[in-house]
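Student: I have a structure here, written as structure tokens, and I will follow up with some questions on it.
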């Protein structure tokens, strides 16, 4: 396994804190001003509600229409007063601080807080086939970790269902297809076929019948289900491949162990992966904050920088766990 490129974290966090101190202070001032204005807003809300209730009770005024007007006033005040302050704060943080954190661990970097993995790349992975009605994300990050090019972002894909009740009212429900971090990386091995690795939920729930169902129906359009030699790997994952011989050549015992380590890190059942056209597509389900600004954390505190570095390292560790920087065969 190659030497880790994600080492000396404490020292690198200290270096970042020193390098960014003059950038952090103005943004910290903005954060404090935002918190002050937000506190003032809530004081106004509480005070005005108390006055409103007192007047209504004293004068016996109709509650509902006046309360609606008051709520609309609160919403408009928040939109035009508080929201712009937070937007400016987030923009300053994402444009002025995050790129420096990313470039500490990746080379040739690109970061855009408002962008995300394209729908084209999402469907090229062939991991999730259901059409999406909502496709959203954030924190698009790109760069090279050693020799491995990586691209990832937060992603949330959904579909909707609609039903009509006996009174003719339409009800819309939203269902999550995938929510987490979606990562695309160069594979360290050359291959022509396609390989898919999914959590083995069916067999875990239904036993032998689940395995039969996966073999019969799960492989549609993904080749055939293959069995590998590691029994622990087989308990956690089901594998499909268009070329079983090539798949066994790529999914060596070491690579199977790497995927086991990956599920230990990110959680069993949270990982979907595919090898297609020289790329690894990795879908990590879960709540990942990445670079979402926490307005309750002081930005000039070293622990805050450490927090965001930790979020980044958590995702980049997938590249190292799978040992993608070991170039056994040139592509």
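Residue numbers (my numbering): 1297 to 1627. From the three backbone atoms N, C-alpha and C, an ideal C-beta is built for every residue, glycine too. Computed from a predicted structure; not experimentally measured.
I want to know whether the region 1471-1484 touches the region 1423-1438 - three or more CB-CB distances under 8 Å.
Tutor: Contact holds: three or more Cβ-Cβ distances are below 8 Å.
Student: Can you tell me whether DSSP reads residue 1380 as helix, strand or coil?
Tutor: Three-state result, residue 1380: helix.
Student: Looking at the structure shown, is residue 1289 part of a helix, part of a strand, or coil, going by DSSP?
Tutor: For the chain, the structure presents residues 1297 to 1627; residue 1289 sits outside this window and is missing.
Student: Roughly how many angstroms separate the alpha carbons of residue 1540 and residue 1518, rounded to a whole number?
Tutor: Spanning the two alpha carbons is a distance of roughly 11 Å.
Student: Between the C-alpha atoms of residue 1608 and residue 1620, what's the straight-line distance to the nearest angstrom?
Tutor: Taking the straight line from one Cα to the other gives about 17 Å.
Student: Could you give the DSSP three-state label for residue 1456: helix, strand or coil?
Tutor: It is a strand residue.
Student: What three-state label does DSSP hand residue 1369 in the structure shown?
Tutor: If DSSP states are grouped into helix, strand and coil, residue 1369 belongs with the helices.
Student: In angstroms, rounded to a whole number, what distance separates the CA positions of residue 1544 and residue 1491?
Tutor: Each residue's alpha carbon lies about 10 Å from the other.
Student: Buried or exposed for residue 1439, please, with buried defined as at least 16 other CB atoms from any protein chain shown within 10 angstroms of its CB.
Tutor: That one is buried.
Student: Using a Cβ-Cβ cut-off of 8 Å (strictly less than) and excluding sequence neighbours within five positions of residue 1628, which residues of its own chain qualify?
Tutor: Outside the displayed span of the chain (1297 to 1627) sits residue 1628, for which this structure offers no information.
Student: Taking the C-alpha atoms as reference points, what is the distance between residue 1592 and residue 1320?
Tutor: One C-alpha to the other measures close to 15 Å.
Student: Pop quiz: residue 1312 and residue 1396 are said to be a contact at Cβ under 8 Å. What is the actual Cβ separation, rounded to whole angstroms?
Tutor: That belief holds up - the Cβ atoms of residue 1312 and residue 1396 are roughly 7 Å apart, short of 8 Å.
Student: Is residue 1323 buried or exposed, if buried means 16 or more other CB atoms sit within 10 Å of its CB?
Tutor: Buried, by the Cβ-count rule.
Student: Hey, residue 1455 and residue 1417 are a contact pair by Cβ (cut 8 Å); roughly how many whole angstroms apart?
Tutor: Their Cβ separation, rounded to whole angstroms, is 19 Å, which puts residue 1455 and residue 1417 out of contact at 8 Å.
Student: Just to confirm the assignment, what range does the beta strand (DSSP E) spanning residue 1461 have?
Tutor: Premise fails: residue 1461 is in no beta strand (DSSP E) and is neither H nor E.
Student: Leaving out the 5 sequence neighbours to the left and right, which residues in its chain are closer than 6 Å to residue 1468 when beta-carbon positions are compared?
Tutor: Excluding residues within five positions, the ones whose Cβ falls inside 6 Å are 1456, 1458.
Student: By alpha-carbon positions, which one of 1372, 1551, 1436, 1360 ends up nearest to residue 1406?
Tutor: Looking at the Cα atoms, 1436 is the closest of the given residues.
Student: Taking 8 Å as the cut-off, decide whether the C-beta atoms of residue 1533 and residue 1496 are in contact.
Tutor: Against a cut-off of 8 Å, the Cβ pair of residue 1496 and residue 1533 comes out as a contact.
Student: Quick check: residue 1642 and residue 1481, are their CB atoms within less than 8 Å of each other?
Tutor: Coverage of the chain is limited to positions 1297 through 1627, which leaves residue 1642 absent and any answer about it impossible.
Student: What runs of the alpha helix (DSSP H), each 4 residues or longer, lie entirely inside the region 1367-1451?
Tutor: Counting only runs of 4 or more, we get 1379-1392, 1394-1401, 1415-1420.
Student: Please report how far the alpha carbon of residue 1558 lies from the alpha carbon of residue 1617, in whole angstroms.
Tutor: Whole-angstrom Cα-Cα distance: 6 Å.
Student: Got a sec, what are the start and stop residues for the alpha helix (DSSP H) residue 1530 sits in?
Tutor: Here the alpha helix (DSSP H) through residue 1530 covers 1527-1532.
Student: Please work out which residues of its chain come closer than 6 Å, Cβ to Cβ, to residue 1562, disregarding the five sequence neighbours upstream and downstream, and give them in chain order.
Tutor: Here the set comprises 1580.
Student: Would you decide whether residue 1346 is buried or exposed? Buried here means 16 or more other CB atoms lie within 10 Å of its CB.
Tutor: By the neighbour-count rule (16 or more Cβ atoms within 10 Å), residue 1346 is not buried but exposed.
Student: In the DSSP assignment, find the alpha helix (DSSP H) that holds residue 1603 and state where it starts and stops.
Tutor: Residue 1603 -> alpha helix (DSSP H) spans 1598-1617.
Student: Leaving out five residues on either side along the sequence, give the residues of the same chain with a beta carbon under 8 Å from the beta carbon of residue 1553.
Tutor: Excluding positions up to five away in sequence, the list reads 1526, 1529.
Student: Would you kindly work out how many angstroms separate the C-alpha atoms of residue 1613 and residue 1485, rounded to a whole number?
Tutor: Taking the straight line from one Cα to the other gives about 19 Å.
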